[in-house]
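Notes to accompany the following structure.
Number of protein chains: 2
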Amino acid sequence: MTTLQDCRALDAQDPLHGLRDLFTLPEGVIYLDGNSLGPLPKAAPDRVARAVREEWGGGLIRSWNTAGWYEMPGRLGDRIATLIGAGAGEVVATDSTSINLFKVLSAALSIAAADAPQRRVVLSERSNFPTDLYIAEGLCRERGLELKLVEAEGIADALDERSAVLMLTHVNYRTGAMHDMAAVTRAAHAAGALVIWDLAHSAGAVEVDLRGADADFAIGCGYKYLNGGPGAPAFVWVHPRHADRFWQPLSGWWSHAAPFAFTPDYRPAAGIARYLCGTQPILSMTALECGLDTVLAAQPHGGMQALRRKSLALTDLFIALVEERCAGHGLGLATPRAHAQRGSQVCLTREQGAYAIVQALVARGVIGDFRAGIPDILRFGFTPLYLRFEDVWHAVEHLRQVLAEGEWKRPEFHRQQAVT
Amino acid sequence: MTTLQDCRALDAQDPLHGLRDLFTLPEGVIYLDGNSLGPLPKAAPDRVARAVREEWGGGLIRSWNTAGWYEMPGRLGDRIATLIGAGAGEVVATDSTSINLFKVLSAALSIAAADAPQRRVVLSERSNFPTDLYIAEGLCRERGLELKLVEAEGIADALDERSAVLMLTHVNYRTGAMHDMAAVTRAAHAAGALVIWDLAHSAGAVEVDLRGADADFAIGCGYKYLNGGPGAPAFVWVHPRHADRFWQPLSGWWSHAAPFAFTPDYRPAAGIARYLCGTQPILSMTALECGLDTVLAAQPHGGMQALRRKSLALTDLFIALVEERCAGHGLGLATPRAHAQRGSQVCLTREQGAYAIVQALVARGVIGDFRAGIPDILRFGFTPLYLRFEDVWHAVEHLRQVLAEGEWKRPEFHRQQAVT
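Keeping their order, the protein sequence lines are chains V and F. The numbering used here puts the first sequence at residues 1 to 420. The numbering used here puts the second sequence at residues 421 to 840.
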């Protein structure tokens, strides 16, 4: 049996232990929901206050030039690039994940229509994050294409001479299952399809090598493992071999080759800048920059490789402790045990009461979340930047108590909320 | 001749004079660029700091429910609605102006295609803000339609049985010329076309009555006269007769009827909520709420009607003073003299040196902006919430000195910047 002492010993040896100091975490909270909203970087309040008071209040419109606002999408994009195996000048931070998916899927479909018009299928996973499927559903209807949804294990078989684009989320939001990006991309290319990767649960969480995998397009989220704050701008990457081939349809002025020339005719910027659209929310962008700093602070300690190593140790520990200490309470494991197939979260299943159990844990300060489905999911994200092995021990102890004492059956834990 | 004393007397009688206290304006600055970026509301630093420290830092993911984040697009939308003659539940604050235009133009074209497929022309003004034209250019190319651009005075004649959609910016960004929204909408409807109004330079600046004019769609900007901060989210309005008819193509999860049911199939929300897409930048949204408060603070003092009255008095005064005090320096007036045709800005022209004159004024603390074109434009926005008649006098005196002493010829005022 693993003891609290064992966990504390792991913390004492953890080379990333000091990074926890980069965050302000509320007293008494064990935060296992950084995969939904990363916590507050300690530097963010002052940095955002400076953007509000000095840059906006003092600099006013001049700050577009003097405070570097104009360069933010590219500057932040370059920093994100280092976390996902992309090159400098290949990523911009902008808009929302859904909107960026619309851009890259539009572009991918235009490329496919030009190069292989007989390919009429967009292939994805049935349990992909719904917004990805909604965006694809709309674009397929508009262009008269078929959106084909299969289970994860059926993707290889479903790739064929009709496949135009394979669109996948790298780490599944519900289960934490991770695709082998290089192998899946290879299989898709072998079948003649382009590949779009949604890195919402990958960027800052697991090692990603877009160029190494020879992927075509990627998008991702700023407010999960990148700790960019609520609704932080997302990001978009396009392989340079595609970037200049097509216009994406959200061809706003920020994607123009000369936005401040104010010419009536559209002429797209070169490279990834043509995937911008309108003006970006600078205050939220400023917070995102603080979030990126926290992830990049791991670089001297081994970077994404070290973060990944600790993430796997944390999720291994959580699985082991749940199985040791919560056995007999009807919990199942939705997340793969194999390291190569696991993201940075662990999802438990339970036939009944998953929602209320999550609420009872939240009331105890152990914040995870609930995702409805068949089966319902109790979802726990493990961010190695700020989580201690000791936290994992306490979280499982709380879970044990909530289950053993039937605490989750109290009516207050069954009330529905707007956002789950 | 108008004297500084006359201007001070106007300030002394101004019923809106006290609203200036709602803003933090830098010492020594006369800010005539609120049409590009509104200044900092005094309440914003503390409010944004609370969103950062308490809502994000303390509440973490729980704040989606407990801090009202989830309702922000609709809550802010309802407040914007009161400024533009729209009803409650008809507006959402979200995304950027360019992206919102893409949504409503897509929807309008779908409605036109269903109701009148023979109508194949999107009509707009050649001097419309370029991003509007770029978005329209892209959608027209994709759908095989024609984008027809005419001068403002040619719009009525250009409306015919081929017109599907008339897309106009209510107040021209370059000249400050304002369309008669009711008359133009009537003419477009008489010709069988739908009408989209871009309110970027109208919302919070001039009286707008979308329902009274029977308009079809509108979009607008949060960071100009609504004082929402750099890159603040924009807004979108759809007449209820159209809102439920079509899906807009940016059909992300926030536009779903049940976003947290996580179903793979898209089912649009009823009403304006289907014009949302993804997660919104909450920190920037929070600043926007502070900005809206400043405009709504005019309600007890006569609201938009009183703001409009003062705006016209300010722009009248500026024109008069420029003509009195800067005669003989080659300045022209691009903005209409007739009140009914003027927004809340005054644009001057000059054959040479417009850019450098603006830079020389900025160096003196008089912040306006430059817009390239034929002719080049010196653009000055007049926001009655915080500008005094005395400020207008001093601004013109600075302009006079810059011109009379040839100050603008100095090399430092000719250096180009990324953002003009």
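The C-beta atom is built at its ideal place from N, Cα and C for all residues, glycine as well. What you are looking at is a predicted structure, and each value in this text was computed from that prediction instead of being measured.
Around the CB of His170 (chain V), 16 or more other CB atoms lie within 10 Å, so the residue is classed as buried. Contact check for Leu586 (chain F) against Leu553 (chain F) fails: the beta carbons are separated by 8 Å or more. Between the segment 477–491 of chain F and the segment 605–614 of chain F there are fewer than three inter-stretch CB-CB distances shorter than 8 Å, so the stretches are not counted as touching.
Sequence-distant Cβ neighbours of Arg350 (chain V) in its own chain, meaning closer than 6 Å and more than five residues away, are Gly330, Leu331.
Comparing alpha carbon positions, the residue from V:Val238, V:Phe129, V:Ile272, V:Ala354 closest to Gly698 (chain F) is V:Phe129. In terms of Cβ geometry, Gly85 (chain V) and Asp78 (chain V) do not form a close pair [threshold 8 Å]. The alpha carbon of Ala677 (chain F) has as its nearest neighbour, out of F:Arg661, F:Pro660, F:His662, F:Tyr695, the alpha carbon of F:Tyr695. Annotated three-state conformation of Met1 (chain V) is coil, per DSSP. Closest in alpha carbon position to Arg784 (chain F), among F:Ile450, F:His437, F:Gln433, F:Gln425, is F:Ile450. In the three-state DSSP reduction, Gln359 (chain V) falls in the helix class (H, G or I).
Take Leu145 (chain V), set aside five residues on each side of it, and the residues of its chain with a beta-carbon closer than 8 Å to its own are Leu109, Arg120, Val121, Val122, Leu139, Ala164, in chain order. Excluding residues up to 5 positions away in sequence, Val615, Asp634 lie with their Cβ nearer than 8 Å to the Cβ of His609 (chain F) in the same chain.
Buried is the label assigned to Lys224 (chain V), since at least 16 other Cβ atoms lie within 10 Å of its Cβ.
Going by beta carbons, Ile739 (chain F) and Arg594 (chain F) fall outside the 8 Å limit.
In the structure shown, Leu768 (chain F) falls within a strand segment according to DSSP collapsed to helix, strand and coil. Within the same chain, Cβ atoms closer than 7 Å to the Cβ of Gly624 (chain F) are found at Leu503, Tyr645, Leu646, Val715, the five residues on either side in sequence being excluded. Using a Cβ-Cβ distance cut-off of 8 Å, the segment 90–106 of chain V and the segment 232–250 of chain V are in contact, since at least three pairs of beta carbons, one from each stretch, lie closer than that value.
Judged by DSSP secondary structure, Met304 (chain V) falls within the alpha helix (DSSP H) whose first and last residues are 303–325. Along the segment 277–295 of chain V, the positions whose C-beta sits under 7 Å from a C-beta of chain F are Cys277, Gly278, Thr279, Gln280, Pro281, Ile282, Leu283, Ser284, Ala287, read in chain order. Nearest in C-alpha terms to Val150 (chain V), of all of V:Glu125, V:Arg141, V:Leu168, is V:Glu125.
For Gly212 (chain V), the enclosing alpha helix (DSSP H) stretches over residues 210–213. In this structure, the alpha-carbon of Val472 (chain F) lies about 11 Å from that of Gly228 (chain V).
Taking 8 Å as the CB threshold, Asn592 (chain F) stays off the interface with chain V. Within the segment 249–271 of chain V, Pro249, Leu250, Ser251, Gly252, Trp253, His256, Phe260, Ala261, Phe262, Thr263, Pro264, Tyr266 place their CB atoms closer than 7 Å to a CB of chain F, listed in sequence order. If you draw a 10 Å sphere on the C-beta of Pro537 (chain F), you find fewer than 16 other C-beta atoms in it, and that means exposed.
Closest by C-alpha distance to Leu385 (chain V), out of V:Phe370, V:Trp247, V:Ala372, V:Met304, is V:Met304.
By the neighbour-count definition (other C-beta atoms within 10 Å, threshold 16), Thr3 (chain V) is an exposed residue. Of V:Arg162, V:Asp160, V:Val184, V:Glu161, the smallest CA-CA separation from Leu168 (chain V) is found for V:Val184. Judged by beta-carbon spacing, Leu630 (chain F) lies beyond the 8 Å limit of Ala620 (chain F), meaning their Cβ atoms are not closer than that value.
Across the segment 45–64 of chain V, CB contacts with chain F closer than 9 Å involve Pro45, Val48, Ala49, Ala51, Val52, Arg53, Glu55, Trp56, Gly57, Gly58, Gly59, Leu60, Ile61, Arg62, Ser63, Trp64, in sequence order along the chain. Three or more Cβ pairs drawn from the segment 425–435 of chain F and the segment 809–824 of chain F lie within less than 8 Å of each other, which places the two stretches in contact. Listed by position along chain V, the residues whose Cβ is nearer than 7 Å to that of Glu562 (chain F) are Pro249.
When secondary structure is reduced to three states using DSSP, Ala613 (chain F) falls in the coil class, being assigned neither helix nor strand. According to the DSSP secondary-structure assignment, His256 (chain V) is paired through a beta bridge with V:Pro268. DSSP places Ile555 (chain F) inside the alpha helix (DSSP H), whose first and last residues are 550–563. Ala287 (chain V) counts as buried, since no fewer than 16 other beta carbons sit within 10 angstroms of its beta carbon.
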